[in-house]
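First up is the structure itself, then whatever we jot down about it.
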Amino acid sequence: MTGTSAMQSTFLGRSPVPVTELAFGGAAIGNLFTPVTDDGAAAAVDAAWDAGIRYFDTAPHYGLGLSERRLGRALAGRPRAGFTVSTKVGRLLEPLAQQTGDDLANGFAVPATHRRVWDFSADAVERSIEASLRRLGLGRVDVVYLHDPDDHLDLALNEGYPALERLRAQGVIGAIGAGMNQAAALTRVVRETDVDVVLLAGRYTLLEHGALASLLPAAAAWNTSVVVGGVFNSGLLADPRPGATFDYAPVNASLLGRALELQAATERHGVPLRAAALRFPFGHPAVASVLVGARTAEEVRDAAALFARPLPAAVWDDLLATGLIPADVPTPKGP
1 MTGTSAMQST FLGRSPVPVT ELAFGGAAIG NLFTPVTDDG AAAAVDAAWD AGIRYFDTAP
61 HYGLGLSERR LGRALAGRPR AGFTVSTKVG RLLEPLAQQT GDDLANGFAV PATHRRVWDF
121 SADAVERSIE ASLRRLGLGR VDVVYLHDPD DHLDLALNEG YPALERLRAQ GVIGAIGAGM
181 NQAAALTRVV RETDVDVVLL AGRYTLLEHG ALASLLPAAA AWNTSVVVGG VFNSGLLADP
241 RPGATFDYAP VNASLLGRAL ELQAATERHG VPLRAAALRF PFGHPAVASV LVGARTAEEV
301 RDAAALFARP LPAAVWDDLL ATGLIPADVP TPKGP
């Protein structure tokens, strides 16, 4: 199956690795929270391909390897030079002697066949990538992120990162990154290493601009790309209503009020809030791609259609004029 849609792409940092502006996040096809069928997962990846998406992100953590296996199967047979895959290191999967229920305590509706072992040592990084390549059915992986090293940052920087540098020099991987839910540690990674990209989840959105204080300026200065995940803040900016979640917890009244004001402002211009949320990060020049998780083909097509929708400059002018976006926050230019 070949896609017919074109989507703008750019290279990560100084690397030769291209990414499309919209990327497919593979956590959901690892049965995040609720099960997805094999056919449903394959259909979601097919829909992403048909929409022009060529950057696919996964991790061993996602469904104890299920996301990697499903993504690999769905991409099999497509031209290898035509897509970019990222995976992650930091959690080794060790098989359990016997299955003990499910993995829902870690967020995934899969049998608990393995346990995760935090390990950012050089040996663990190499073993993790070898296992990921087997699950993906690929001979190389394009991008490898140090995954959530928040509590292991020194080990990740002193051992894990140099191991990734060696693998990048050998051509086993194309680009190196780190992914977290916080900007401060990622800023340290940018300043102390030669990473090509950082993946920031949930911290640079229409509601949260803290990454502007240090991470985004550092990334721009060091020519490090930023991939932004969690642009809907785990649901609030997709459908702001009482009971919605923000960072996977029930939203408080203050944040809900701001989200509803944002929604009213965008809809005054005929623009769905989700479309503005998807486009917002590209106001900053360091942002290369926005990562959207999807579990169905319909969700992928919806996100792609929203992303392709032209947004009038008046939307951003209105948000700035009303103070819903602070005056020092950069907004996208053009339709």
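Per the working numbering, residue 1 is the first one in the sequence shown, and the count goes up by one each step. Every residue gets a Cβ at the ideal spot worked out from N, C-alpha and C, and that includes glycine. No experiment lies behind these values; they were computed from the predicted model shown.
Counterpart residues of residue i in DSSP-defined beta bridges
i: glycine 177; result: Tyr145, Val197
i: glycine 92; result: With the sequence shown as reference, residue 92 is identified as leucine, and glycine is not the correct amino acid for it. In DSSP, leucine 92 forms a bridge with Val117.
i: serine 86; result: Asp57, Val143
i: aspartate 328; result: None, per the DSSP bridge assignment.
i: glycine 25; result: Asp57, Gly293
i: leucine 32; result: Phe108
i: aspartate 102; result: Pro111
Boundaries (first-last residue) of the alpha helix (DSSP H) holding residue i
i: tyrosine 161; result: 161-170
i: serine 132; result: 122-136
i: threonine 10; result: Note, threonine 10: premise wrong, no alpha helix (DSSP H); beta strand (DSSP E) at 9-11.
i: serine 67; result: 66-75
i: alanine 221; result: 215-222
i: arginine 322; result: It should be noted that the sequence gives threonine, not arginine, for residue 322. Threonine 322 -> no alpha helix (DSSP H), and no H or E assigned at all.
i: leucine 212; result: Looking at the DSSP string, leucine 212 is not in any alpha helix (DSSP H), and its letter there is neither H nor E.
i: leucine 186; result: 183-192
C-alpha gap between residue i and residue j, whole angstroms
i: proline 240; j: threonine 331; result: 21 Å
i: alanine 6; j: threonine 100; result: 45 Å
i: alanine 23; j: alanine 253; result: 31 Å
i: valine 19; j: alanine 112; result: 33 Å
i: aspartate 317; j: serine 132; result: 45 Å
i: alanine 313; j: lysine 333; result: 7 Å
i: threonine 84; j: alanine 47; result: 16 Å
i: methionine 1; j: arginine 78; result: Residue placement at methionine 1 is poorly supported in this model, since its pLDDT is 34, which falls under 50; the coordinates still yield a value, given next. Cα to Cα, methionine 1 sits roughly 8 Å from arginine 78.
i: glutamine 182; j: leucine 200; result: 7 Å
i: valine 125; j: glutamate 267; result: 46 Å
i: arginine 70; j: aspartate 39; result: 9 Å
i: leucine 167; j: proline 95; result: 26 Å
i: isoleucine 29; j: alanine 81; result: 23 Å
i: leucine 319; j: serine 214; result: 23 Å
i: glutamate 130; j: valine 271; result: 45 Å
i: tryptophan 222; j: alanine 303; result: 31 Å
i: phenylalanine 120; j: tyrosine 161; result: 8 Å
i: histidine 61; j: lysine 88; result: 8 Å
i: threonine 322; j: alanine 163; result: 48 Å
i: valine 17; j: valine 36; result: 30 Å
i: threonine 4; j: arginine 279; result: For threonine 4, the predicted structure reports a pLDDT of 43, less than 50, and the residue's modelled location is therefore unreliable. The matter cannot be settled from this model.
i: alanine 74; j: serine 67; result: 10 Å
i: arginine 170; j: aspartate 57; result: Before going on, a small fix: residue 170 reads as glutamine here, not arginine. Approximately 22 Å between the Cα atoms of the pair.
i: valine 143; j: tyrosine 55; result: 10 Å
i: glutamine 8; j: leucine 104; result: 37 Å
i: glycine 235; j: valine 251; result: 10 Å
i: phenylalanine 232; j: valine 172; result: 33 Å
i: arginine 258; j: leucine 186; result: 27 Å
i: valine 189; j: serine 128; result: 21 Å
i: proline 217; j: proline 326; result: 17 Å
i: glycine 283; j: histidine 269; result: 19 Å
i: glycine 230; j: arginine 116; result: 23 Å
i: glycine 52; j: threonine 296; result: 16 Å
Presumed contact (8 Å Cβ cut-off) between residue i and residue j, rounded CB distance
i: tyrosine 145; j: glycine 179; result: 4 Å
i: glycine 72; j: leucine 153; result: Actually they are not in contact, since the Cβ atoms of glycine 72 and leucine 153 sit about 30 Å apart, beyond 8 Å.
i: valine 287; j: valine 198; result: Between valine 198 and valine 287 the Cβ distance is about 11 Å, and since that is not below 8 Å, they are no contact.
i: glycine 107; j: phenylalanine 33; result: 6 Å
i: alanine 264; j: arginine 309; result: About 18 Å; that fails the 8 Å criterion.
i: aspartate 196; j: serine 15; result: 4 Å
i: leucine 12; j: alanine 175; result: 5 Å
i: leucine 273; j: leucine 262; result: 6 Å
i: valine 329; j: leucine 212; result: 7 Å
Host beta strand (DSSP E) of residue i (start-end)
i: proline 18; result: 18-20
i: glycine 229; result: 225-229
i: alanine 48; result: Run containing alanine 48: none in the beta strand (DSSP E); it sits in the alpha helix (DSSP H), 38-50.
i: valine 110; result: 108-111
C-beta neighbour in chain B for residue i, strict 7 Å
i: glutamate 126; result: No chain B appears in this structure, which consists of one protein chain only.
> What are the start and end residues of each continuous beta strand (DSSP E) run of 3 or more residues lying completely inside the stretch 237-320, in chain order?
Replying inline: 287-293
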